[in-house]
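Its first residue numbered 17, the sequence shown is counted upward by one per residue in my numbering. Scroll down for the structure; my scribbles are underneath it.
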Amino acid sequence: MMRVTVLGAGSWGTTVASLTAGRNDTTVWARDAEVAREINEEHTHGRYLSGYRLPKRLTASADLEEAVGRADVLVMGIPSHSFRETLEAAKPFLRPWVPVVSLTKGLESGSLLRMTEVIRDVLPGHSAAALTGPNLAKEIMAGNAAASVIATEDLDVAAALQTVFARGTFRVYTNHDVIGCEIGGALKNVVAIATGIAEGLSVGDNTRSAVITRGLQELTRLGVALGALPETLAGLAGMGDLIATCISPQSRNRYVGEQLGKGRPLPEILAEMSQVAEGIKTAPVAMALAQRFDLDMPIAAEIAGIVDGSISPNDAYRGLLRDVKAGHEAEPG
Numbered sequence: 017m018m019r020v021t022v023l024g025a026g027s028w029g030t031t032v033a034s035l036t037a038g039r040n041d042t043t044v045w046a047r048d049a050e051v052a053r054e055i056n057e058e059h060t061h062g063r064y065l066s067g068y069r070l071p072k073r074l075t076a077s078a079d080l081e082e083a084v085g086r087a088d089v090l091v092m093g094i095p096s097h098s099f100r101e102t103l104e105a106a107k108p109f110l111r112p113w114v115p116v117v118s119l120t121k122g123l124e125s126g127s128l129l130r131m132t133e134v135i136r137d138v139l140p141g142h143s144a145a146a147l148t149g150p151n152l153a154k155e156i157m158a159g160n161a162a163a164s165v166i167a168t169e170d171l172d173v174a175a176a177l178q179t180v181f182a183r184g185t186f187r188v189y190t191n192h193d194v195i196g197c198e199i200g201g202a203l204k205n206v207v208a209i210a211t212g213i214a215e216g217l218s219v220g221d222n223t224r225s226a227v228i229t230r231g232l233q234e235l236t237r238l239g240v241a242l243g244a245l246p247e248t249l250a251g252l253a254g255m256g257d258l259i260a261t262c263i264s265p266q267s268r269n270r271y272v273g274e275q276l277g278k279g280r281p282l283p284e285i286l287a288e289m290s291q292v293a294e295g296i297k298t299a300p301v302a303m304a305l306a307q308r309f310d311l312d313m314p315i316a317a318e319i320a321g322i323v324d325g326s327i328s329p330n331d332a333y334r335g336l337l338r339d340v341k342a343g344h345e346a347e348p349g
């Protein structure tokens, strides 16, 4: 048994904490003391997981020092924009050998770093890993079968972490291609916004399918340029996560795109949301990386244009449609 601490009591952080609590002494850190009280006393999380019971052995704390100081494994369920800040705050309380696992599917603005790179930057000497895949929190809380990937370059560490996270119908695979796993997880959110726009405009399944497929080409193109293996992007952390995020009504990023397609302004959509849609912040970072490698990424470019206000959703959709029709490169075979 290991002592697991999950920083971040959002829907996914709390779900992962619920999984690890099945076999391990697990604490989830919540910024809001009332959320911590609810988890401890009522074994629920009404804000993000309404209708689901949490394990009675799962504990919560609003005290960062207490939560981090006990950890044998530290799990980061923190949005990309506050990931580094939270790691810096946790650093004084973390023992030297503890591995750190990211649940965050995003890229850091400014530095253009992946989350495991941020972990290594803030906490040199700690093993850094990512847990990623087609994982919708409420479906996992409902007990539906799901699969994920624990990605780290040290496969011995990966094997140890695999036993921490696997539970019941939640199966965990290992992968040493950290770049591919993280790029797949981050870029699929951008494609999901584009797919949501198509949904909001009611343009049909053929167009949505084309956008998803062309999106897979884009995230593979960027991943390979950064050093990823193409087969990783065709697996759970790439295509699997992309499909789930683009087709599920539970997807926050798809929801943002759908509302944009219906004509609502982006600030209004984001203001009503209680959780982060990472694709909004990822699109401009993806374009900065694409420019570094002189890559053609039209879907990411259209979404980045919506984020900075230079393109309307209708114009973005016309741009996406032009790309689908043009076919910038031949399909394999």
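Cβ atoms here follow ideal geometry from the backbone N, Cα and C, with glycine treated the same way. Model, not experiment: these values are computed from the prediction.
**Sub-8 Å separation of Ile-94 and Gly-24 beta-carbons** = Here residue 94 refers to the residue found at position 78 when the sequence shown is read from its first residue. Here residue 24 refers to the residue found at position 8 when the sequence shown is read from its first residue. Contact: yes.
**Message:** As a quick exercise: from Ala-174, Ile-263, Asp-193, Gly-201, pick the residue whose alpha carbon is nearest that of Val-227.
**Reply:** Taking the first residue of the sequence shown as position 1, residue 227 is located at position 211. With distances taken between Cα atoms, Val-227 lies closest to Ile-263.
**Message:** Considering only DSSP beta bridges, list what Thr-43 is partnered with.
**Reply:** Reading the sequence shown from its first residue, position 27 is the one you call residue 43. Bridge partners of Thr-43: Thr-21, Thr-75.
**Asked** For Gly-231, which residues of its own chain have a beta-carbon under 8 Å away from its beta-carbon, when the five flanking residues on both sides are left out?
**Response** The count along the sequence shown starts at 1 and reaches residue 231 at position 215. Closer than 8 Å at the Cβ level, and outside the excluded window around Gly-231, lie Leu-203, Lys-204, Val-206, Val-207, Ala-210, Thr-211, Leu-258, Cys-262, Ile-315.
**Request:** Go ahead and label Asp-312 buried or exposed: buried means 16 or more other beta carbons lie within 10 angstroms of its beta carbon, across all protein chains shown.
**Result:** What you label residue 312 is simply residue 296 of the sequence shown in a count that begins at 1. It counts as exposed.
**Prompt:** Would a C-beta distance cut-off of 8 Å place Thr-269 and Gly-295 closer than the cut-off?
**Reply:** What you label residue 269 is simply residue 253 of the sequence shown in a count that begins at 1. What you label residue 295 is simply residue 279 of the sequence shown in a count that begins at 1. Sequence inspection shows Asn at residue 269; the Thr mentioned does not correspond to that position. Cβ atoms of Asn-269 and Gly-295: closer than 8 Å.
**Request:** Tell me, to the nearest whole angstrom, how far the beta carbon of Ile-156 is from that of Ala-162; I am working on the premise that it is less than 8 Å.
**Result:** Residue numbering aside, residue 156 sits at position 140 when the sequence shown is read from its first letter. Residue numbering aside, residue 162 sits at position 146 when the sequence shown is read from its first letter. Between Ala-162 and Ile-156 the Cβ distance is about 5 Å, and since that is below 8 Å, they are a contact.
**Prompt:** Between which two residues does the alpha helix (DSSP H) harbouring Tyr-271 extend?
**Reply:** Against the sequence shown, residue 271 aligns to sequence position 255. Looking at the DSSP string, the run of the alpha helix (DSSP H) that includes Tyr-271 is 268 to 277.
**Element boundaries [beta strand (DSSP E), containing Leu-90]** = Position 74 of the sequence shown, counting from 1, holds the residue named residue 90. Start and end: 89 to 92.
**Asked** Where Gly-349 and Thr-229 are concerned, what is the direct C-alpha to C-alpha distance, given to the nearest angstrom?
**Response** In the sequence shown, the residue the question calls residue 349 occupies position 333. In the sequence shown, the residue the question calls residue 229 occupies position 213. Model confidence at Gly-349 stands at a pLDDT of 36, short of 50, so the residue's coordinates are unreliable; what they give is reported in the following sentence. C-alpha separation (whole angstroms): 15 Å.
**Request:** Within 10 angstroms of the Cβ of Met-92, are there 16 or more other Cβ atoms? Answer buried if so, exposed if not.
**Result:** Translated into positions along the sequence shown, residue 92 becomes position 76. Buried, since its Cβ has 16 or more Cβ neighbours within 10 Å.
**Request:** Indicate whether Ala-350 and Arg-47 have their beta-carbon atoms separated by less than 8 Å.
**Result:** Limits of the chain in this structure are 17 at one end and 349 at the other, which puts residue 350 out of reach.
**Asked** Which residues in the same chain as Ala-76 place their Cβ atom closer than 6 Å to its Cβ, once the five residues preceding and following it in sequence are excluded?
**Response** Translated into positions along the sequence shown, residue 76 becomes position 60. The residues are Val-44, Ala-46, Ala-52, Ile-55, Asn-56.
**Prompt:** Can you tell me the Cα-Cα spacing of Gly-26 and Ile-322, whole angstroms?
**Reply:** Taking the first residue of the sequence shown as 1, we reach residue 26 at position 10. Taking the first residue of the sequence shown as 1, we reach residue 322 at position 306. Distance between the alpha carbons of Gly-26 and Ile-322: 26 Å.
**Three-state secondary structure (DSSP) of Ser-98** = Within the sequence shown, residue 98 is the residue found at index 82, counting from 1. Looking at Ser-98 - three-state DSSP - the assignment turns out to be helix.
**Item:** Ala-346 versus Thr-236 - alpha carbon distance
**Value:** Numbered from 1 along the sequence shown, position 330 holds the residue referred to as residue 346. Numbered from 1 along the sequence shown, position 220 holds the residue referred to as residue 236. Residue placement at Ala-346 is poorly supported in this model, since its pLDDT is 48, which falls under 50; the coordinates are not used for a value here.
**Request:** Run through the segment 127 to 188 for me and flag every whole alpha helix (DSSP H) of 4 or more residues, listed as ranges in chain order.
**Result:** 131 to 138, 153 to 157, 171 to 181
**Request:** Under 8 Å Cβ to Cβ from His-59, same chain only, skipping five residues before and after it: list those, please.
**Result:** Taking the first residue of the sequence shown as position 1, residue 59 is located at position 43. Closer than 8 Å at Cβ, skipping near neighbours: Arg-69, Leu-70, Pro-71, Lys-72, Leu-74.
**Asked** For Ala-145, which residues from the same chain have a beta carbon less than 8 Å from its beta carbon, with the 5 sequence-adjacent residues on both sides left out?
**Response** Here the question's residue 145 lines up with position 129 in the sequence shown. Closer than 8 Å at Cβ, skipping near neighbours: Pro-115, Val-116, Val-117, Ser-118, Thr-132, Ile-166, Ala-167, Thr-168, Val-173, Ala-174, Leu-177, Val-194.
**Asked** When DSSP builds the beta bridges, which residues end up paired with Ser-118?
**Response** In the sequence shown, the residue the question calls residue 118 occupies position 102. DSSP, once it has assigned bridges, lists Met-92, Ala-146 as partnering Ser-118.
**Asked** Pick from Leu-286, Val-219, Asn-191: whose alpha carbon is nearest that of Ala-253?
**Response** Counting from 1 along the sequence shown, the entry for residue 253 is found at position 237. The shortest C-alpha separation from Ala-253 is found at Asn-191.
**Request:** Please determine, among Ala-304, Thr-148, Arg-187, Ala-158, the residue with the shortest C-alpha to C-alpha distance to Glu-198.
**Result:** Stepping through the sequence shown from its first residue, residue 198 is reached at position 182. Looking at the Cα atoms, Thr-148 is the closest of the given residues.
**Request:** Look at the Cβ atom of Gly-239, then the Cβ atom of Gly-201, and state whether they are nearer than 8 Å.
**Result:** Locating residue 239 in the sequence shown gives position 223, counting from the first residue. Locating residue 201 in the sequence shown gives position 185, counting from the first residue. Cβ distance not < 8 Å, so Gly-239 and Gly-201 don't count as in contact.
**Message:** What would DSSP say about Thr-60, mapped onto helix, strand or coil?
**Reply:** Counting from 1 along the sequence shown, the entry for residue 60 is found at position 44. Looking at Thr-60 - three-state DSSP - the assignment turns out to be coil, as it is neither helix nor strand.
**Item:** Assigned secondary structure, Leu-282 (DSSP; H/G/I helix, E/B strand, else coil)
**Value:** Within the sequence shown, the letter at position 266 stands for residue 282. Correct three-state label for Leu-282: helix.
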